[in-house]
Amino acid sequence: DAKTTQPPSMDCAEGRAANLPCNHSTISGNEYVYWYRQIHSQGPQYIIHGLKNNETNEMASLIITEDRKSSTLILPHATLRDTAVYYCIVPRKAGGTSYGKLTFGQGTILTVHP
Amino acid sequence: NAGVMQNPRHLVRRRGQEARLRCSPMKGHSHVYWYRQLPEEGLKFMVYLQKENIIDESGMPKERFSAEFPKEGPSILRIQQVVRGDSAAYFCASSERTGSEEQYFGPGTRLTVT
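Residue numbers (the numbering used here), protein chains in the order written: chain A, 32 to 145; chain B, 74 to 187.
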């Protein structure tokens with residue numbers, strides 16, 4: 032997978048927006064950015080993914096810079112239940128083929144406090 | 074709409090015994106992935122299977138570990154002659170499309186080897 036860099040931890044007040052950054056400067060033109068999270072002791076949860084346009088779903092928004100070297104996951108109104116480890120993943124593609132192998136790094140521990 | 078199901082949720086085995094972990098993918102999903110999370114470590118890909126086929130087993134230990142996804146029934150991850158180092162959380166994920174990075178995870182099986 033393309034190397035990603037995330038801050039090890041972040042704090043956010045309940046009800047405020049949580050903005051989680053990710054650097055992926057070696058990303059290739061056909062590689063997507065995926066975000067997952069893992070709440071303590073649970074299985075990882077898919078959040079969102081994108082290629083170059085901003086994306087939004089019921090969970091979050093994904094903002095990808097024009098040069099695609101970084102992105103930001105936005106939780107618009109964080110709740111205590113959003114406390115989790117958030118992973119930014121850029122799966123490597125070879126010849127346009129997707130392999131489905133996710134590589135989880137250390138991620139960002141987001142703590143939402145009252 | 075049931076999600077990915079894994080059983081058992083907790084499994085205790087003595088050294089030398091066999092462990093069998095089961096995974097039923099989401100309805101309509103025919104692609105299954107297994108990941109392992111060792112204590113205080115990140116998630117690591119183990120194997121990717123389609124019905125009756127192993128597509129990518131690059132993350133599987135060479136000995137004692139095997140996986141299958143038969144035409145009927147759940148996917149099985151089998152660990153023979155377990156050792157203490159096999160103690161971990163084992164997560165199964167499924168996807169609708171071939172080799173998709175949009176995967177939906179189960180709650181995991183926590184294996185403890187005594």
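Glycine included, C-beta positions come from ideal geometry on N, C-alpha and C.
Taking DSSP as the reference, what is the three-state secondary structure of residue i?
i	result
A:Asp42	strand
B:Arg86	strand
A:Leu111	helix
B:Asp159	helix
Within this structure, are the beta carbons of residue i and residue j separated by less than 9 Å?
i	j	result
B:Phe138	B:Ile149	no
A:Thr103	A:Met41	no
B:Ser97	A:Lys132	no
A:Cys43	A:Cys119	no
Rounded to a whole number of angstroms, what is the C-alpha to C-alpha distance between residue i and residue j?
i	j	result
B:Gln154	B:Arg87	9 Å
A:Arg112	A:Arg68	12 Å
B:Lys117	B:Tyr108	5 Å
B:Asn80	A:Pro39	32 Å
A:Leu51	A:Gly81	15 Å
Taking C-beta pairs closer than 9 Å, name the residues in chain B that residue i reaches, listed in chain order.
i	result
A:Pro52	Neighbours of A:Pro52 on chain B: none; closest Cβ ~19 Å, over 9 Å.
A:Thr139	Those within 9 Å of A:Thr139 in chain B number zero; the least Cβ separation is about 13 Å.
A:His144	Result: empty, since nearest Cβ-Cβ is about 24 Å, beyond 9 Å.
Could you tell me which of the options sits nearest to residue i, measuring between CA atoms?
i	options	result
B:Ala161	A:Ala91, A:Ser72, A:Ile140	A:Ser72
A:Val116	A:Tyr77, A:Ala44, A:Glu62, A:Tyr63	A:Tyr77
A:Tyr65	A:Ala109, A:Thr114, A:Arg99	A:Arg99
A:Ile70	B:Val186, B:Phe178, B:His83, B:Gly172	B:Phe178
A:Pro107	A:Arg47, A:Phe135, A:Gln37	A:Arg47
A:Tyr130	B:Val85, B:Gly89, B:Arg95, B:Met119	B:Met119
B:Glu169	B:Gln110, B:Tyr121, B:Leu111	B:Tyr121
At 9 Å on the CB atoms, spell out the chain A contacts of residue i, in chain order.
i	result
B:Ser168	Gly131
Below 7 Å on C-beta distance, what does residue i contact in chain B?
i	result
A:Gln37	Result: empty, since nearest Cβ-Cβ is about 12 Å, beyond 7 Å.
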